[in-house]
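Participant: Quick one: the structure is below, and I'll ask about it shortly.
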């Protein structure tokens, strides 16, 4: 009886460990994707800002300053739109990750229920046969 219990405990522990590694893998992939999205946004922001600063350094008259002002306004709006788009992508990645982790948790719970109910069913069957 003790050996059977030990085997069940070890099987459950192995399954728990396997699912923990799966969950960690899912979480790391999500973090990698989020970091990639943020780095791309930062690169684009840096590129646009450096182009704007280069234009500002070349401005020599009032008309150039007016053009620079308008360009700055447009760039600010575009940067805000890009930030919103990146945030939406990050939320989508986070949502998919949460769904994957939830599926893993449900799988783990179902496996635990099955592991517990199988021996109980076997004992009930043996008890019924003994009557």
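Numbering (our numbering), first residue to last: 10 to 140.
Cβ atoms here follow ideal geometry from the backbone N, Cα and C, with glycine treated the same way.
(1) For residue 44 versus residue 91, is the C-beta spacing smaller than 8 Å?
(2) Closest by CA to residue 55, which one among 76, 88, 80, 65?
(3) In this structure, how does DSSP classify residue 86 when only helix, strand and coil are distinguished?
(4) Among 37, 48, 77, 40, which one has its Cα closest to the Cα of residue 61?
(5) Apply the 10 Å Cβ neighbour rule to residue 39 and answer buried if 16 or more other Cβ atoms are within range, or exposed otherwise.
(6) Since residue 102 and residue 84 are thought to touch, with beta carbons under 8 Å apart, how far apart are those beta carbons, to the nearest angstrom?
(7) Hey, how far is the Cα of residue 107 from the Cα of residue 119?
(8) Is the beta carbon of residue 124 less than 8 Å from the beta carbon of residue 20?
Facilitator: According to the structure data:
(1) no
(2) 88
(3) helix
(4) 77
(5) buried
(6) The pair is not a contact, with the Cβ atoms about 27 Å apart (cut-off 8 Å).
(7) Rounded to whole angstroms, residue 107 to residue 119 spans 18 Å at the Cα level.
(8) The answer is yes: Cβ separation under 8 Å.
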